[in-house]
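Numbering (the working numbering), first residue to last: 2 to 242.
For glycine and all other residues, C-beta sits at the position ideal for the given N, C-alpha and C.
Reviewing the structure listed below.
Below, the structure written as structure tokens:
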């Protein structure tokens, strides 16, 4: 992995931040968001590390065949690198993740006692593996988006077919709706329980979520906030903007 370390001008040991990017072929600047935050944080007394994802920018690896556990592993490698820098207080590291990166950061934080805080920006909540609960989600979306009954029926049949193809295949690749898909990551999201054991009960967690009355992502943030509470974490806050 290749990345950029940003730090204050004055010498000393500082608290530090690792950025966790969302899904897709994202570089270290993350469309400018992480670069902007890194500059601001350096002026506020924080070291930060942001990196190119596998196969993006100057990082090696194959991006098309990496699954969520691989992204968590890369994030852990970034944490390890940051912890070894002379300007970093290794016992004061915070993770900031966006979208799917927020979920990956939650997994990484649960494995490392040196992580002292987690900021989840617009977290992407994994789809529920229960098909009946998934149908309820789709019905909410249909009502809000004013889908026709025929279109809702088509979407539901497509979701069921996709779930059947993913869970019923032992191969890593297949074609779904004419597109070649890597099943390793899809299988992880659909069949596993991605939150089991992945929530640190004592870690301060801040969820930041933009709220649009026509968008269901805010519902996902609220669901995740409840999942964190149900796991026994009492140090979490959901903030809408």
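### Query
Does the count of Cβ pairs from the segment 106 to 123 and the segment 133 to 148 closer than 8 Å reach three?
no
### Query
Of the choices 20, 213, 55 and 15, whose alpha-carbon is the least far from that of residue 104?
20
### Query
Quick one: what's got a C-beta closer than 8 Å to residue 32's C-beta in the same chain, skipping five residues either side?
none
### Query
Is it right to say residue 15 is buried, meaning 16 or more other beta carbons lie within 10 angstroms of its own, or is it exposed?
buried
### Message
In whole angstroms, give me the CA-to-CA distance for residue 38 and residue 154.
### Response
43 Å
### Message
I need the boundaries of the beta strand (DSSP E) containing residue 117, first residue and last residue.
### Response
116 to 122
### Task
Give the DSSP-derived three-state secondary structure of residue 178 in the structure shown.
coil
### Message
If contact is defined by three or more beta carbon pairs under 8 Å, each pair taking one atom from either stretch, is the segment 67 to 79 in contact with the segment 178 to 186?
### Response
yes
### residue 242 - DSSP class collapsed to helix/strand/coil
coil
### Query
How long is the line joining the alpha carbons of residue 226 and residue 108, rounded to whole angstroms?
15 Å
### Task
Determine which residues share a DSSP beta bridge with residue 248 and list them.
Since the displayed the chain opens at 2 and closes at 242, residue 248 lies outside it and no answer follows.
### Message
For the alpha helix (DSSP H) containing residue 80, name the first residue and the last one.
### Response
69 to 84
### Three-state secondary structure assigned by DSSP to residue 39
helix
### Query
Just to confirm, are residue 100 and residue 123 a CB contact at a threshold of 8 Å?
yes
### Query
Got a sec? Which residues, its chain only, sit under 8 Å from residue 173 by beta carbon, not counting five neighbours each side?
66, 183, 184 and 185
### Task
Determine, using beta carbons only, whether residue 23 and residue 88 come nearer to each other than 8 Å.
no
### Task
Determine the DSSP secondary structure at residue 62, reduced to helix, strand or coil.
coil
### Task
Give the secondary structure of residue 210 by DSSP, where H, G and I count as helix, E and B as strand, and everything else as coil.
strand
#### Entry: For residue 150 and residue 61, the rounded distance between their alpha carbons
46 Å
### Task
Enumerate in chain order the residues of its own chain whose CB-to-CB distance from residue 196 is below 7 Å, with the five nearest sequence positions on each side excluded.
228
### Query
Quick one, are the C-beta atoms of residue 111 and residue 96 less than 8 Å apart?
no
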